[in-house]
Amino acid sequence: MGHVASQPTISCQVCNYIVPLTNKEKHTVIKCPNCLEAIPFEGDPPGKQYVGCVCNCLLICRASTSRVGCSRPHCYRIILLSEV
Numbered sequence: 038m039g040h041v042a043s044q045p046t047i048s049c050q051v052c053n054y055i056v057p058l059t060n061k062e063k064h065t066v067i068k069c070p071n072c073l074e075a076i077p078f079e080g081d082p083p084g085k086q087y088v089g090c091v092c093n094c095l096l097i098c099r100a101s102t103s104r105v106g107c108s109r110p111h112c113y114r115i116i117l118l119s120e121v
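Numbered per the numbering used here, the sequence shown finishes at 121, counting up by one with no gaps.
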């Protein structure tokens with residue numbers, strides 16, 4: 038996260054657009070106004086985890102999940118999650 042003119046910001050992971058975080062303190066995921074992709078900027082919610090698909094779709098699933106499927110109609114990839 039960065040600050041532009043004393044305003045908290047985050048860089049979009051897809052298009053690198055600088056997104057201001059003003060009035061978004063209660064959110065854990067926001068939508069980039071430039072490319073409309075979801076951006077996580079807080080840690081994973083309790084018991085959940087964020088997974089990024091190669092099509093840039095941000096997926097949220099249970100922390101115990103071993104695989105997750107992308108829900109985008111043009112993708113439908115199955116992502117296998119390994120324990121680290």
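All C-beta atoms, glycine included, are put in the ideal place defined by N, C-alpha and C.
These figures come from a predicted structure and were not determined experimentally.
Q.
Suppose the cutoff is 8 Å on Cβ atoms and the five residues either side in sequence are ignored; what does the same chain contact list for T59 look like?
A. Excluding sequence neighbours, T59 sits near Q44, P45.
Q: Quick one: grab the DSSP three-state call for T102.
A: coil
**Q.** Boundaries (first-last residue) of the beta strand (DSSP E) holding P57
**A.** 55–57
Q: Could you round the C-beta distance between K85 and I97 to whole angstroms and report it? I think they count as a contact, below 8 Å.
A: Confirmed, about 5 Å.
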